[in-house]
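Visitor:
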Amino acid sequence: MTEQSMLFRQVLGAFATGVAVVTTKRQGCYFGLTVNSFSSVSLDPMLIQINIAKNTTSHEYITESGYFVVNILAEDQRQISNIFSGAPPAERFQHVRTWETGSGCPVIEGSLSYIEVKIVETFEGGDHTIFLGEVLQMQTLRDDAQPLLYFRGKYGRLAPEEE
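The sequence shown: position 109 = 109 (our numbering), numbered continuously.
1) In three-state terms, what does DSSP make of Val41?
2) Can you tell me whether Asn82 is buried or exposed? The criterion is at least 16 other CB atoms within 10 Å of its CB, across all chains shown.
3) For Phe8, name the three-state secondary structure that DSSP assigns.
4) Alpha carbon to alpha carbon, how far is Met6 from Thr57? Give it in angstroms, no decimals.
5) With DSSP as the reference, please indicate the residues paired to Pro147 in a beta bridge.
6) With H, G and I counted as helix, E and B as strand and the rest as coil, what does DSSP make of Arg92?
7) Find out if the Cβ-Cβ distance for the pair Ala74, Arg142 is shorter than 9 angstroms.
8) Select from Asn71, Gln10, Ala16 the residue whose C-alpha is nearest the C-alpha of Phe151.
9) Helix, strand or coil: how does DSSP classify Asn82 here?
10) Is the segment 56-71 close to the segment 102-122, with three or more CB pairs under 8 angstroms?
11) Does the beta-carbon of Arg97 have 16 or more other beta-carbons within 10 angstroms, so that it is buried, or is it exposed?
12) Have a look at Phe84, Ile80, Ser42, Glu161 and flag the residue whose alpha-carbon is nearest the alpha-carbon of Leu33.
13) By a C-beta neighbour count over all protein chains shown, 10 Å radius and 16 as the cutoff for buried, is Ala20 buried or exposed?
14) Would Leu132 pass as a contact of Val41 if the rule is Cβ separation under 9 angstroms?
15) Considering just the uninterrupted stretch of the beta strand (DSSP E) at Ser111, what are its terminal residues?
This is the structure in structure tokens:
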């Protein structure tokens with residue numbers, strides 16, 4: 001990694017983000033990975049985007065599936081974030097309970113919310129692909145937890161609001 005690349009990562013790490021696991025299903029098998037590069041794009045129509053490194057197994061499977069689910073993680077799901085960012089792809093779903101959406105993509109139980117998406121377009125983004133997707137369905141699953149946050153290479157928490 002070059003000095004400029006390291007600086008780029010450091011600067012972008014100063015932007016706190018939520019943590020999500022993107023999941024998909026291809027040929028009867030689940031695949032997923034931890035992301036923080038996810039955002040809303042449009043309200044009408046409802047569109048979101050995810051950015052996935054081209055060299056990941058999940059990239060290939062998301063592309064071939066045409067569908068994915070964004071599972072927005074709660075702060076008590078740090079272990080799930082770690083599993084989906086570090087464990088071999090074949091082992092990631094051994095440690096979580098899931099159920100399927102209409103497209104067959106898995107929703108991770110205990111997530112704050114999920115968004116089921118159909119890919120409508122892809123764009124080249126350097127070493128990543130930008131997946132633009134139309135929201136098919138979504139649901140808030142938990143109101144009893146805070147989001148899992150990531151800041152400067154570490155997990156963070158929301159501080160209680162001062163009165």
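Heads up, the beta-carbon is just placed ideally off N, CA and C, and yes, glycines get one too.
Bear in mind the structure is a predicted one, so any value in this text is a computation, not a measurement.
Guide: Quick answer:
1) Along the sequence shown, read from residue 1 onward, the residue named residue 41 stands at position 41. In this structure, DSSP gives Val41 an extended state, which the three-state scheme calls strand.
2) Here the question's residue 82 lines up with position 82 in the sequence shown. So Asn82 counts as exposed.
3) Reading the sequence shown from its first residue, position 8 is the one you call residue 8. Here Phe8 carries a helix assignment [DSSP, helix/strand/coil].
4) In the sequence shown, the residue the question calls residue 57 occupies position 57. In the sequence shown, the residue the question calls residue 6 occupies position 6. Distance between Thr57 and Met6, taken at the CA atoms: about 24 angstroms.
5) Residue mapping note: residue 147 aligns to position 147 of the sequence shown, counting from 1. Note: Pro147 sits in a beta bridge opposite Ala74.
6) For this step, residue 92 is matched to residue 92 along the sequence shown. Judged by DSSP in its simplified three-state form, Arg92 adopts helix.
7) What you label residue 74 is simply residue 74 of the sequence shown in a count that begins at 1. What you label residue 142 is simply residue 142 of the sequence shown in a count that begins at 1. In this structure, Ala74 sits near Arg142, with a CB-CB distance shorter than 9 angstroms.
8) Along the sequence shown, read from residue 1 onward, the residue named residue 151 stands at position 151. Nearest in C-alpha terms to Phe151, of all of Asn71, Gln10, Ala16, is Ala16.
9) Looking up residue 82 in the sequence shown gives position 82. Residue state, collapsed to three classes: helix.
10) Contact between the segment 56-71 and the segment 102-122 is present, because at least three Cβ pairs lie under 8 angstroms.
11) Position 97 of the sequence shown, counted from the start, is the residue given in the question as residue 97. Counting every other CB atom within 10 Å of its CB across the protein chains shown gives Arg97 a total below 16, marking it as exposed.
12) Within the sequence shown, residue 33 is the residue found at index 33, counting from 1. A check of alpha carbon separations from Leu33 across Phe84, Ile80, Ser42, Glu161 identifies Phe84 as the nearest.
13) Taking the sequence shown and counting its residues from 1, one reaches residue 20 at position 20. Buried, because 16 or more other Cβ atoms sit within 10 Å of the Cβ of Ala20.
14) To locate residue 132, count along the sequence shown from 1; it is residue 132. To locate residue 41, count along the sequence shown from 1; it is residue 41. Yes, the Cβ-Cβ distance between Leu132 and Val41 is below 9 angstroms.
15) Counting from one through the sequence shown, the residue named residue 111 turns up at place 111. Run containing Ser111: none; DSSP gives neither H nor E here.
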